[in-house]
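Asks: This is the structure I want to talk about, given as structure tokens.
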Amino acid sequence: MKKNKFKFAAIAIILALFSSCLVDDDVTDFGAGTNLVDFPSGSIDGTFDIGMDEAEFQVPARLVGGNGSAAPSDIIVTYEVDPAKTTAVEGTNFVILNNGTFTFPAGETQATFPIKILPSSLDPELPVPLTIALKLTAATGSFPVGVSTKESTGTIIINLKPLCPITDDLSGTHTYTQTSMQYGDGEGTGTGTGIAGTISGTVTWTETEPGKYSLDDASFGLYGAIYDDDPAVGPNGAFLTWVCREFLFSGSDQYSDTFTYNIVSVTGPVMVFTWRNTWGDGGTVTLTREGGVDWPDIFQTN
-15 MKKNKFKFAA IAIILALFSS CLVDDDVTDF GAGTNLVDFP SGSIDGTFDI
35 GMDEAEFQVP ARLVGGNGSA APSDIIVTYE VDPAKTTAVE GTNFVILNNG
85 TFTFPAGETQ ATFPIKILPS SLDPELPVPL TIALKLTAAT GSFPVGVSTK
135 ESTGTIIINL KPLCPITDDL SGTHTYTQTS MQYGDGEGTG TGTGIAGTIS
185 GTVTWTETEP GKYSLDDASF GLYGAIYDDD PAVGPNGAFL TWVCREFLFS
235 GSDQYSDTFT YNIVSVTGPV MVFTWRNTWG DGGTVTLTRE GGVDWPDIFQ
285 TN
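Spelled out as structure tokens, the structure:
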């Protein structure tokens, strides 16, 4: 009989007495009828095929406050590049369109605006992605622009992640051993007491689209060995997407936890990586490609 991992989460209920936003360290109430133009988050990832010369990236924006009311008429918003937070080069890696303006259509609370990315200029060998920081500067109709939460700054940072041409199909039944395992503590970190020993087995990757693979156990045997549980795959699947020198996870396990994988080294057919999920389980996996075939050159570290 299957033993489930019991996961308990404390739900904190915060009673909001008013809607507020922070602008230049002053708290202003925008809940009573004033809309504020803002970005929905402080950063966003964009992935771009380096085989393409040009690509448009849609940047999200929103209206908050005003008791949730939409724009009463078209709102013209202007923005600029924040050079202090931008590592990409304008004109080389990206181009600002429409003179740095976009429109919130009447009746809407969300909008997107395009910027042009020049993917062929992106270097997949860079240790960290280039960034573009866009800062809101003004809006017509006396709409304030800027900060709506303490986590936001009125600026959005776009991380430019290059997608390399797909040269190999990584599908197969690969062999693994796993060490340095940890139980999760529900907060995304290990308990600090680790799990002794080594587990081993196989995991199957199946290509679902170029560069994207479903896997039949995102925990590489940990759930079965430690929890006597089913493999870590949610009802909608668990997937890895090959992004140049790394794998990005999508989907979830059966508890809605997601995973992060960090490649440590690759030598020939042997890849070593660490992983952790949002519950805090984790380990170090040594994965040998089926048939002893070398992993693609871009992964090789030795």
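Residue numbers for the sequence shown follow the working numbering, so the first one is -15 and each next one is one higher.
Backbone N, C-alpha and C define an ideal beta-carbon position, used for all residues, glycine too.
#1: Looking at C-alpha atoms only, which residue of N19, W259 and D66 is the closest neighbour of G84?
#2: Report buried or exposed for V217, applying the criterion of at least 16 other Cβ atoms within 10 angstroms of its Cβ.
#3: So T124 and I142 are in contact, right, with Cβ under 8 Å, and what is the actual spacing, rounded?
#4: Roughly how many angstroms lie between the CA atoms of P98 and P146, to the nearest whole one?
#5: With a CB to CB cut of under 6 Å and the five nearest residues on each side skipped, what residues in its chain are close to T285?
#6: If you reduce the DSSP assignment to three classes, tell me which class G235 lands in.
#7: Give me, in chain order, the residues of the same chain whose beta-carbon lies closer than 7 Å to that of T242; leave out the 5 immediate sequence neighbours on both sides.
#8: Could you pull out every residue in the same chain whose Cβ sits closer than 7 Å to the Cβ of V187, ignoring the five residues on either side in sequence?
#9: For the beta strand (DSSP E) holding G208, just list the boundary residues, first then last.
#10: Measuring alpha carbon to alpha carbon, tell me which of R273, L20, G91 and N77 ends up nearest G185.
#11: Less than 9 Å between the C-beta atoms of F283 and M255, yes or no?
#12: Give every residue of the same chain whose Cβ lies closer than 6 Å to the Cβ of A16, excluding the five residues on either side of it in the sequence, and list them in chain order.
#13: Of all the options I140, P111, V112 and L106, which has the alpha carbon lying nearest to the alpha carbon of T121?
#14: Whose C-alpha, out of V73, L271 and G264, is nearest the C-alpha of I179?
#15: Mind pulling the beta strand (DSSP E) runs of 3 or more residues that sit fully within the segment 160 to 200?
#16: Nearest CA to the CA of A55: which residue from P113, G91, P219 and T70?
#17: Between which two residues does the beta strand (DSSP E) containing T268 stretch?
#18: Can you list, in chain order, the residues of its chain with a C-beta nearer than 6 Å to that of T163? Leave out the 5 residues immediately preceding and following it.
#19: In this structure, what does DSSP give as the bridge partners for I34?
#20: Decide if N94 is buried, meaning its Cβ has at least 16 other Cβ atoms within 10 Å, or exposed.
#21: Which of helix, strand or coil does DSSP assign to G275?
#22: Extract the residue ranges of the beta strand (DSSP E) inside the segment 47 to 134, only unbroken runs of 3 or more that lie entirely within it.
#23: Excluding the five sequence neighbours on either side, which residues of its own chain have a C-beta within less than 7 Å of the C-beta of K100, listed in chain order?
#24: Looking at the unbroken beta strand (DSSP E) that takes in T262, where does it start and where does it end?
#25: Tell me which same chain residues have a C-beta within less than 7 Å of the C-beta of Y63, skipping the five on either side of it?
#26: Using a beta-carbon distance below 9 Å, is V217 in contact with chain C?
#27: Report the partner residues of I140 according to the DSSP bridge assignment.
#28: Starting from L154, trace the beta strand (DSSP E) in both directions and tell me its first and last residue.
#29: Under 9 Å between the Cβ atoms of W259 and Y245?
#30: Run the CB neighbour count on L271, radius 10 Å, all protein chains shown included, and call it buried at 16 or more, exposed below.
#31: Could you give the DSSP three-state label for D281: helix, strand or coil?
#32: Where I59 and P24 are concerned, what is the direct C-alpha to C-alpha distance, given to the nearest angstrom?
Replies: According to the structure shown:
#1: Translated into positions along the sequence shown, residue 84 becomes position 100. Considering only alpha carbons, the answer is D66.
#2: As a first step, residue 217 must be located in the sequence shown, where it is residue number 233. Buried, because 16 or more other Cβ atoms sit within 10 Å of the Cβ of V217.
#3: Residue numbering aside, residue 124 sits at position 140 when the sequence shown is read from its first letter. Residue numbering aside, residue 142 sits at position 158 when the sequence shown is read from its first letter. Their Cβ separation, rounded to whole angstroms, is 24 Å, which puts T124 and I142 out of contact at 8 Å.
#4: In the sequence shown, the residue the question calls residue 98 occupies position 114. In the sequence shown, the residue the question calls residue 146 occupies position 162. Near 18 Å, if we compare the C-alpha coordinates of P146 and P98.
#5: If you number the sequence shown from 1, residue 285 lands on position 301. Counting only Cβ-Cβ distances below 6 Å, and skipping sequence neighbours, we find S249 and V250.
#6: In the sequence shown, counting from the first residue as 1, residue 235 sits at position 251. DSSP places G235 in strand when its eight states are reduced to three.
#7: Stepping through the sequence shown from its first residue, residue 242 is reached at position 258. Closer than 7 Å at the Cβ level, and outside the excluded window around T242, lie F233, S236, N261 and T262.
#8: Taking the first residue of the sequence shown as 1, we reach residue 187 at position 203. H158, Y160, L199, D200, D201 and F204.
#9: For this step, residue 208 is matched to residue 224 along the sequence shown. It is not in any beta strand (DSSP E) - G208 instead sits in the alpha helix (DSSP H) that spans L206 to Y211.
#10: Taking the sequence shown and counting its residues from 1, the one referred to as residue 185 is at position 201. Nearest option by C-alpha distance: R273.
#11: Counting from 1 along the sequence shown, the entry for residue 283 is found at position 299. Counting from 1 along the sequence shown, the entry for residue 255 is found at position 271. Yes.
#12: One-based indexing of the sequence shown puts residue 16 at position 32. For A16, the pLDDT reaches just 46, beneath the cut-off of 50, and the residue's location in the model is therefore unreliable, although a value from the coordinates is still provided. No residues qualify anywhere along the chain.
#13: Translated into the one-based positions of the sequence shown, residue 121 becomes position 137. The shortest C-alpha separation from T121 is found at I140.
#14: Sequence index remark: in the sequence shown, residue 179 carries index 195 (1-based). Ranking V73, L271 and G264 by Cα distance to I179 puts G264 first.
#15: 183 to 193 and 196 to 199
#16: As a first step, residue 55 must be located in the sequence shown, where it is residue number 71. Closest by alpha carbon: G91.
#17: Looking up residue 268 in the sequence shown gives position 284. G266 to T272 is the span of the beta strand (DSSP E), which, as asked, contains T268.
#18: In the sequence shown, residue 163 corresponds to position 179, counting from 1. Cβ within range, chain order: T182 and T268.
#19: Taking the sequence shown and counting its residues from 1, one reaches residue 34 at position 50. Per DSSP, none; premise fails for I34.
#20: As a position in the sequence shown, residue 94 is number 110, starting the count at 1. Note that residue 94 corresponds to Gln in the displayed sequence, not to Asn. Q94 comes out exposed.
#21: If you number the sequence shown from 1, residue 275 lands on position 291. If DSSP states are grouped into helix, strand and coil, G275 belongs with the helices.
#22: 59 to 65, 78 to 80, 85 to 88, 94 to 101 and 114 to 123
#23: Locating residue 100 in the sequence shown gives position 116, where the first residue counts as 1. E38, E40, F78, V79 and L81, listed in sequence order.
#24: By one-based count along the sequence shown, residue 262 stands at place 278. First-last for T262: undefined, no H or E at that position.
#25: As a working note, residue 63 is residue 79 in the sequence shown. So the qualifying residues of the chain are G84, L118, K119, L120 and T121.
#26: This model lacks chain C altogether; it includes just one protein chain.
#27: Taking the first residue of the sequence shown as 1, we reach residue 140 at position 156. L118, per the DSSP bridge assignment.
#28: Here residue 154 refers to the residue found at position 170 of the sequence shown. First-last for L154: undefined, no H or E at that position.
#29: As a first step, residue 259 must be located in the sequence shown, where it is residue number 275. As a first step, residue 245 must be located in the sequence shown, where it is residue number 261. Yes, Cβ-Cβ distance for W259 and Y245 is below 9 Å.
#30: Here residue 271 refers to the residue found at position 287 when the sequence shown is read from its first residue. By the neighbour-count rule (16 or more Cβ atoms within 10 Å), L271 is buried.
#31: In the sequence shown, counting from the first residue as 1, residue 281 sits at position 297. Helix at D281.
#32: Within the sequence shown, numbered from 1, the residue matching residue 59 stands at position 75. Within the sequence shown, numbered from 1, the residue matching residue 24 stands at position 40. The alpha-carbon atoms of I59 and P24 are separated by roughly 17 Å.
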